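Structure record follows, encoded as structure tokens.
Protein chains: 2
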Amino acid sequence: MPASPIRKLVPFAEEAKRKGVKVYHLNIGQPDIPTPKEGLDAIRNINLSVLEYTHSAGNEPYRRKLAESYRKIGIDVDHNEIIVTTGGSEAVLFAFMTCLNPGEEVITPEPFYANYNGFATTAGVTIVPVRSYVKNDFALPPIEEIEKKITSKTRAILICNPNNPTGYLYSKEELHQLRDIVKKHDLFLFSDEVYREFCYGGETHFSAMQLDGIGENVIMLDSVSKRYSECGVRIGALVTKNQEVLSAALKFGQARLCPPGVGQIIAEASLDAPKEYFTGVYNEYIARRDFIVDALNKMPGVYCPKPKGAFYTVVKLPIDDSDKFAKWLLQDFSYKGQTVMVAPASGFYFTPGAGRDEVRIAYVLKIEDLRNAMDTLAEALRVYPGRTTLE
Amino acid sequence: MPASPIRKLVPFAEEAKRKGVKVYHLNIGQPDIPTPKEGLDAIRNINLSVLEYTHSAGNEPYRRKLAESYRKIGIDVDHNEIIVTTGGSEAVLFAFMTCLNPGEEVITPEPFYANYNGFATTAGVTIVPVRSYVKNDFALPPIEEIEKKITSKTRAILICNPNNPTGYLYSKEELHQLRDIVKKHDLFLFSDEVYREFCYGGETHFSAMQLDGIGENVIMLDSVSKRYSECGVRIGALVTKNQEVLSAALKFGQARLCPPGVGQIIAEASLDAPKEYFTGVYNEYIARRDFIVDALNKMPGVYCPKPKGAFYTVVKLPIDDSDKFAKWLLQDFSYKGQTVMVAPASGFYFTPGAGRDEVRIAYVLKIEDLRNAMDTLAEALRVYPGRTTLE
Numbered sequence: 001m002p003a004s005p006i007r008k009l010v011p012f013a014e015e016a017k018r019k020g021v022k023v024y025h026l027n028i029g030q031p032d033i034p035t036p037k038e039g040l041d042a043i044r045n046i047n048l049s050v051l052e053y054t055h056s057a058g059n060e061p062y063r064r065k066l067a068e069s070y071r072k073i074g075i076d077v078d079h080n081e082i083i084v085t086t087g088g089s090e091a092v093l094f095a096f097m098t099c100l101n102p103g104e105e106v107i108t109p110e111p112f113y114a115n116y117n118g119f120a121t122t123a124g125v126t127i128v129p130v131r132s133y134v135k136n137d138f139a140l141p142p143i144e145e146i147e148k149k150i151t152s153k154t155r156a157i158l159i160c161n162p163n164n165p166t167g168y169l170y171s172k173e174e175l176h177q178l179r180d181i182v183k184k185h186d187l188f189l190f191s192d193e194v195y196r197e198f199c200y201g202g203e204t205h206f207s208a209m210q211l212d213g214i215g216e217n218v219i220m221l222d223s224v225s226k227r228y229s230e231c232g233v234r235i236g237a238l239v240t241k242n243q244e245v246l247s248a249a250l251k252f253g254q255a256r257l258c259p260p261g262v263g264q265i266i267a268e269a270s271l272d273a274p275k276e277y278f279t280g281v282y283n284e285y286i287a288r289r290d291f292i293v294d295a296l297n298k299m300p301g302v303y304c305p306k307p308k309g310a311f312y313t314v315v316k317l318p319i320d321d322s323d324k325f326a327k328w329l330l331q332d333f334s335y336k337g338q339t340v341m342v343a344p345a346s347g348f349y350f351t352p353g354a355g356r357d358e359v360r361i362a363y364v365l366k367i368e369d370l371r372n373a374m375d376t377l378a379e380a381l382r383v384y385p386g387r388t389t390l391e
Numbered sequence: 392m393p394a395s396p397i398r399k400l401v402p403f404a405e406e407a408k409r410k411g412v413k414v415y416h417l418n419i420g421q422p423d424i425p426t427p428k429e430g431l432d433a434i435r436n437i438n439l440s441v442l443e444y445t446h447s448a449g450n451e452p453y454r455r456k457l458a459e460s461y462r463k464i465g466i467d468v469d470h471n472e473i474i475v476t477t478g479g480s481e482a483v484l485f486a487f488m489t490c491l492n493p494g495e496e497v498i499t500p501e502p503f504y505a506n507y508n509g510f511a512t513t514a515g516v517t518i519v520p521v522r523s524y525v526k527n528d529f530a531l532p533p534i535e536e537i538e539k540k541i542t543s544k545t546r547a548i549l550i551c552n553p554n555n556p557t558g559y560l561y562s563k564e565e566l567h568q569l570r571d572i573v574k575k576h577d578l579f580l581f582s583d584e585v586y587r588e589f590c591y592g593g594e595t596h597f598s599a600m601q602l603d604g605i606g607e608n609v610i611m612l613d614s615v616s617k618r619y620s621e622c623g624v625r626i627g628a629l630v631t632k633n634q635e636v637l638s639a640a641l642k643f644g645q646a647r648l649c650p651p652g653v654g655q656i657i658a659e660a661s662l663d664a665p666k667e668y669f670t671g672v673y674n675e676y677i678a679r680r681d682f683i684v685d686a687l688n689k690m691p692g693v694y695c696p697k698p699k700g701a702f703y704t705v706v707k708l709p710i711d712d713s714d715k716f717a718k719w720l721l722q723d724f725s726y727k728g729q730t731v732m733v734a735p736a737s738g739f740y741f742t743p744g745a746g747r748d749e750v751r752i753a754y755v756l757k758i759e760d761l762r763n764a765m766d767t768l769a770e771a772l773r774v775y776p777g778r779t780t781l782e
């Protein structure tokens with residue numbers, strides 16, 4: 001696996017900090033929102049004397065409560081249709097390992113979450129990207145474009161909804177289009193819904209699990225990492241009605257024995273977080289999104305779609321090369337003792353050269369930090385030597 | 392992956408319990424020893440408000456303290472030579488993925504830990520077993536037998552020391568023999584040392600990391616699961632001096648983001664467990680081992696080697712087929728309202744038919760329970776219809 005463009009930047013960020021420059025991290029998906037008190041209290045009050053293995057599919061009480069929480073939002077599943085995984089990461093890996101043989105293909109819109117590549121490498125499967133474009137706000141590519149990519153080796157379509165890195169929220173209509181080709185070609189539909197709770201502006205999330213007539217084809221990939229700002233507990237889930245997939249995935253689950261036990265305790269208790277927790281989180285993110293989208297679109301030559309979900313946006317900048325720009329920001333630039341770290345979009349595209357003038361920005365900082373970061377970015381774009389002519 | 396012989400037995404054990412029969416579990420490696428208070432207190436007193444991602448290689452303070460603990464027992468490593476993994480399981484997987492290409496081979500003495508098969512499947516690599524025998528107490532097979540198995544596809548030799556399932560502790564001499572062929576053929580030596588602290592009768596553990604002249608070849612696989620009776624925290628480690636392996640393994644580590652954060656907090660604090668914790672554990676296990684080995688060898692037709700490590704033993708029984716016997720114990724037999732569940736050794740052998748008259752017994756129960764279990768097993772062997780003629 002090649003090193004990601006973000007990771008290559010880390011030494012430059014460290015060097016900038018050593019020189020006393022304040023670096024605003026717009027590059028990472030680590031929210032600063034507190035973990036629910038309910039989750040933390042559960043371990044503060046732990047009354048176990050042995051931290052034993054749990055069931056390979058996860059503790060049954062946790063799975064029952066999780067299933068109940070899905071049913072409350074209109075996803076009709078039973079606890080036996082859930083396998084608790086070590087983060088959403090393992091859910092993706094299990095889906096690949098279970099549903100595809102080495103050499104087979106999974107189609108996904110690009111730009112896409114870079115770590116899918118790592119799991120594809122591990123599983124020996126090939127990711128086939130279909131391009132989505134900033135000019136269309138990263139909507140689902142025309143369904144004919146997706147269908148063109150289907151070969152005898154295609155086994156699945158993978159979406160991330162709401163999308164990391166673009167923040168795009170797929171509509172019910174787009175999901176129906178996907179259902180039709182999934183049904184027609186008898187493919188799996190892997191739906192990564194870890195940002196489900198982060199939908200803005202009155203939009204509601206439509207889950208792939210709610211699609212009629214393809215229950216055996218849909219595999220939902222989930223995680224508590226972002227929902228409860230507890231990325232470090234490493235608890236996710238693979239959810240499907242397909243018994244054959246569940247049974248095969250459980251074998252991989254048994255091989256790694258069990259998902260983290262203490263993490264399951266925290267995740268289970270986090271389900272008790274009151275509605276106010278989410279209202280607070282929601283209000284904070286929507287304010288951050290609105291602030292950042294406004295600020296970016298005010299910068300000459302910049303285009304930022306208004307994402308309806310997650311906490312990322314992929315932005316078009318008036319620059320020659322986002323890898324170079326991101327490095328320059330850390331190595332050669334500072335403004336009032338500050339700079340910003342962004343994720344070059346090249347890391348989210350499979351197609352060489354795609355996204356060269358785009359970066360992903362995660363709005364996981366407080367508004368006042370975002371304000372400083374945006375001022376700094378605006379100044380950087382003004383003086384960057386590789387700035388392209390304004391259109 | 393086929394279902395393991397132990398897992399196939401689970402429904403029969405559940406049925407026996409439903410009928411009111413007490414089942415003594417000699418089949419599993421879940422110790423009943425308490426987790427160190429230091430580990431549990433660390434989470435009871437947790438003062439984090441966000442459970443963030445940790446470093447992909449694990450928290451640096453934990454790695455530093457872990458390296459220090461290795462140095463104290465004569466394993467000279469630096470914290471940069473450690474990648475913290477999600478259990479020992481992931482350390483095995485990372486070693487396979489990093490050092491072998493799909494289709495390449497790893498040689499290991501059989502019987503071997505059944506889950507190695509699962510990781511081999513995931514990594515697309517082939518396990519090549521070399522038979523060890525109960526009549527030799529499962530000593531390392533003659534080095535010529537191992538060498539015979541080396542082909543152009545062989546990349547590594549894998550040992551588990553002390554051994555699960557046999558309890559065999561490899562001697563310094565045996566490790567030197569392994570070093571010589573590893574060096575001669577430039578192979579990796581994967582050394583699973585998760586039972587390192589469980590060595591009995593004055594024997595000391597000699598680590599593969601202590602072998603001279605093959606520092607670049609050795610990869611130690613480790614875990615806190617058994618050491619601190621905290622299997623559920625899912626914290627292990629891959630340890631090596633080989634920078635290329637570390638760098639490749641870290642890429643897999645980055646793809647799955649990080650090992651469990653709360654687990655690392657518990658594991659780090661567990662390193663502060665006082666000497667008395669281990670003395671207590673050690674005394675308990677040695678008493679259990681001595682009790683069970685004596686009891687088994689007193690049963691007519693039974694041969695139980697005296698294991699020097701771990702908390703398992705593979706025992707030869709006067710029976711036709713251990714899969715049948717294990718099922719019969721749960722389905723058709725009880726003595727004073729009790730029965731036992733054992734692990735048929737077939738699950739630990741690759742060679743078809745091998746180990747048919749052997750079972751693995753884990754001595755992870757209190758002596759009084761082991762006494763009842765042994766009485767029950769003795770009676771079972773007396774009346775089992777598939778009993779073979781005594782030799």
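Protein sequence lines correspond, in order, to chains S and P.
For the first sequence, position 142 (counting from the first letter as 1) is numbered 142 according to my numbering, and the numbering increases by one without interruption.
For my numbering, add 391 to where a residue sits in the second sequence, where the first one is 1.
Each residue gets a CB set at the ideal place from its N, CA and C atoms; glycine is no exception.
The model shown is predicted, which means the values in this text are computed figures rather than measured ones.
{"Asked": "Beta carbon proximity, R398 of chain P to chain S, threshold 8 Å", "Found": "yes"}
{"Asked": "Top-ranked residue by Cα proximity to R398 of chain P, from S:V23, S:A255, S:S223", "Found": "S:A255"}
{"Asked": "Nearest candidate by alpha-carbon position, reference N80 of chain S, set S:R64, S:V315, S:T126, S:K149", "Found": "S:R64"}
{"Asked": "Separation of F589 of chain P from Y673 of chain P, as counted between CA atoms", "Found": "7 Å"}
{"Asked": "Where P402 of chain P sits in the DSSP three-state scheme", "Found": "helix"}
{"Asked": "Enclosing alpha helix (DSSP H) for D180 of chain S [first to last residue]", "Found": "172–184"}
{"Asked": "Straight-line Cα distance separating K689 of chain P from A771 of chain P", "Found": "14 Å"}
{"Asked": "Proximal chain S residues relative to F510 of chain P, where beta-carbon distance stays under 7 Å", "Found": "A255"}
{"Asked": "Counterpart residues of S223 of chain S in DSSP-defined beta bridges", "Found": "S:G236"}
{"Asked": "Beta-carbon neighbours of Y53 of chain S, restricted to chain P and to distances below 7 Å", "Found": "Q421, C622, G623"}
{"Asked": "Nearest neighbour of K22 of chain S, chosen from S:N372, S:R227, S:R387, S:Y195 [CA to CA]", "Found": "S:N372"}
{"Asked": "4-residue-minimum alpha helix (DSSP H) runs that sit fully inside the segment 295–362 of chain S, ordered along the chain", "Found": "322–331"}
{"Asked": "F669 of chain P to G29 of chain S span [Cα, whole Å]", "Found": "41 Å"}
{"Asked": "Rounded straight-line distance, which links the Cα of Q331 of chain S to that of L9 of chain S", "Found": "10 Å"}
{"Asked": "Residue nearest to G201 of chain S in terms of C-alpha spacing, selected from S:Y285, S:E15, S:S334, S:K184", "Found": "S:Y285"}
{"Asked": "Chain-ordered residues of the segment 662–695 of chain P with a beta carbon less than 8 Å from chain S", "Found": "none"}
{"Asked": "Backbone CA spacing between A547 of chain P and A511 of chain P [nearest angstrom]", "Found": "12 Å"}
{"Asked": "Segment contact, 8 Å Cβ cut-off, at least three pairs: the segment 44–53 of chain S with the segment 619–626 of chain P", "Found": "yes"}
{"Asked": "Alpha-carbon spacing of A736 of chain P relative to Y170 of chain S, whole angstroms", "Found": "51 Å"}
{"Asked": "Any C-beta of chain S under 8 Å from that of E451 of chain P", "Found": "no"}
{"Asked": "Member of P:G515, P:P533, P:A505 whose CA lies at the smallest distance from the CA of Q568 of chain P", "Found": "P:P533"}
{"Asked": "Closer than 8 Å at the beta carbon, the chain S residues around E794 of chain P", "Found": "Chain P is shown from 392 up to 782; residue 794 of chain P falls before or after that span and cannot be answered."}
{"Asked": "Cβ of S322 of chain S within 8 Å of any chain P Cβ", "Found": "no"}
{"Asked": "8 Å Cβ cutoff, L761 of chain P in contact with chain S", "Found": "no"}
{"Asked": "Residue-level contact to chain P via CB, L158 of chain S, 8 Å cutoff", "Found": "no"}
{"Asked": "Cutoff 8 Å: G103 of chain S Cβ touching any chain P Cβ", "Found": "no"}
{"Asked": "Cβ-based burial, H205 of chain S [other Cβ within 10 Å; buried from 16]", "Found": "buried"}
{"Asked": "Stretch pair the segment 308–324 of chain S + the segment 347–367 of chain S: three plus CB contacts closer than 8 Å", "Found": "yes"}
{"Asked": "Whole-number beta carbon distance between V293 of chain S and K306 of chain S, since they are thought to touch under 8 Å", "Found": "5 Å"}
{"Asked": "With 16 other Cβ atoms within 10 Å as the buried cut-off, status of P493 of chain P", "Found": "exposed"}
{"Asked": "C-beta neighbour in chain P for N217 of chain S, strict 8 Å", "Found": "no"}
{"Asked": "CB contact below 8 Å: V50 of chain S versus chain P", "Found": "yes"}
{"Asked": "Distance between T151 of chain S and E358 of chain S (C-alpha atoms, nearest Å)", "Found": "30 Å"}
{"Asked": "Per-residue burial, V733 of chain P [other beta carbons within 10 Å of its own, 16 or more giving buried]", "Found": "buried"}
{"Asked": "V615 of chain P beta carbon less than 8 Å from that of S582 of chain P", "Found": "no"}
{"Asked": "Beta-ladder partner(s) of S582 of chain P, from DSSP", "Found": "P:I550, P:M611"}
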